Amino acid sequence: SESGKLADRYGKHDFGRHCLLSRRLLEGGATFVKVSHTNYDTHHENFDFHIEQLGEFDRTFATLLEDLDIRGLLDSTLVVVMSEFGRTPTINRNFGRDHWGTAWSVAMGGCGIQKGAVVGKTNATGTAVVDREVNGGHLFHTYLKALGFDSKKNFYVDQRPLPMADPKASPIEEILL
Numbered sequence: 002s003e004s005g006k007l008a009d010r011y012g013k014h015d016f017g018r019h020c021l022l023s024r025r026l027l028e029g030g031a032t033f034v035k036v037s038h039t040n041y042d043t044h045h046e047n048f049d050f051h052i053e054q055l056g057e058f059d060r061t062f063a064t065l066l067e068d069l070d071i072r073g074l075l076d077s078t079l080v081v082v083m084s085e086f087g088r089t090p091t092i093n094r095n096f097g098r099d100h101w102g103t104a105w106s107v108a109m110g111g112c113g114i115q116k117g118a119v120v121g122k123t124n125a126t127g128t129a130v131v132d133r134e135v136n137g138g139h140l141f142h143t144y145l146k147a148l149g150f151d152s153k154k155n156f157y158v159d160q161r162p163l164p165m166a167d168p169k170a171s172p173i174e175e176i177l178l
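In my numbering, the protein residues as written are 2 to 178.
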């Protein structure tokens, strides 16, 4: 059982409870956990919604990382924050943001990842990548290498070799330890 103070830091909302449960699962030996923080599809009233949504995420996520670090779990846990696409850099007529797959961000930390490393750059308006574009293949290679796997190897299904990650891509070496 957690102290009331720590549980309060995680937050008395679903995301907070799920992050705390995830930390407990990792502490108990789980090898993979996934936590979702939903409802970012703000095609209207983006700013009103995000004031609460992002504050909830920031406080809880910072608590999770600190808690994992204090308990000695962060060095053996890969943490990834991402969405399936980004949001438009401009605001639409409904004061919202629409889907934008051209340029978006992924945050990684924990095992195998350098603290504070930044890779890539968009143009001044955030509409296009101008330096070091990466794709899902690069991300999978990076996840695997950070976790200590050789991402160039195959795994086998019914004696048929399948690549662990896209053979045309490679890890994002700039962020790896």
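Glycine included, every Cβ here is placed at the ideal spot set by N, Cα and C.
For clarity, every value in this text was computed on a predicted model and none was experimentally measured.
Assuming Thr-64 and Tyr-11 make a contact with CB atoms under 8 Å, what is their CB distance in whole Å? Taking 8 Å as the upper bound for CB-CB distance, Thr-64 and Tyr-11 are in contact here, some 5 Å apart.
With 8 Å set as the bound, which would you pick, yes or no: does the beta-carbon of Val-135 sit closer than that to a beta-carbon of chain C? Among the chains of the structure shown, chain C does not appear; only one protein chain is present.
CB-CB length for Gly-87 against Thr-43, believed under 8 Å: Not confirmed; about 12 Å, so no contact.
Among Leu-178, Phe-141, Gly-17 and Ala-125, which one has its Cα closest to the Cα of Gln-115? Nearest option by C-alpha distance: Leu-178.
Whose C-alpha, out of Glu-53, Asp-70 and Ala-31, is nearest the C-alpha of His-14? Checked all of Glu-53, Asp-70 and Ala-31; the closest Cα to His-14 is Glu-53.
Helix, strand or coil at Asn-88 [DSSP, three-state]: Checking the sequence, you will find Arg at residue 88 rather than Asn. Under the three-state reduction of DSSP output, Arg-88 falls in the strand class.
Using 8 Å as the cut-off, can you tell me whether the region 121-134 makes contact with the region 66-73, which would need three or more C-beta pairs spanning the two stretches below that distance? No: fewer than three Cβ pairs fall under 8 Å.
Quick check: the region 99-118 against the region 126-138, are there 3 or more CB pairs under 8 Å? Yes, since at least three Cβ pairs between the region 99-118 and the region 126-138 fall closer than 8 Å, the two stretches touch.
What residues match up with Gly-111 in a beta bridge as DSSP calls it? The partner list for Gly-111 (beta bridge, DSSP) reads Leu-79.
Please report the straight-line C-alpha distance between Asn-95 and Asp-49, rounded to a whole angstrom. Within the model, the alpha-carbon separation for Asn-95 versus Asp-49 is close to 12 Å.
Assuming Val-36 and His-51 make a contact with CB atoms under 8 Å, what is their CB distance in whole Å? No, Val-36 and His-51 are not in contact; Cβ-Cβ is about 19 Å, not under 8 Å.
Simplified DSSP assignment, three categories, for His-139: The DSSP-derived three-state label of His-139 is helix.
Of the residues Val-80, Asn-136, Phe-156 and Asp-159, which one's Cα is nearest the Cα of Ser-171? Out of Val-80, Asn-136, Phe-156 and Asp-159, Asn-136 has the C-alpha closest to the C-alpha of Ser-171.
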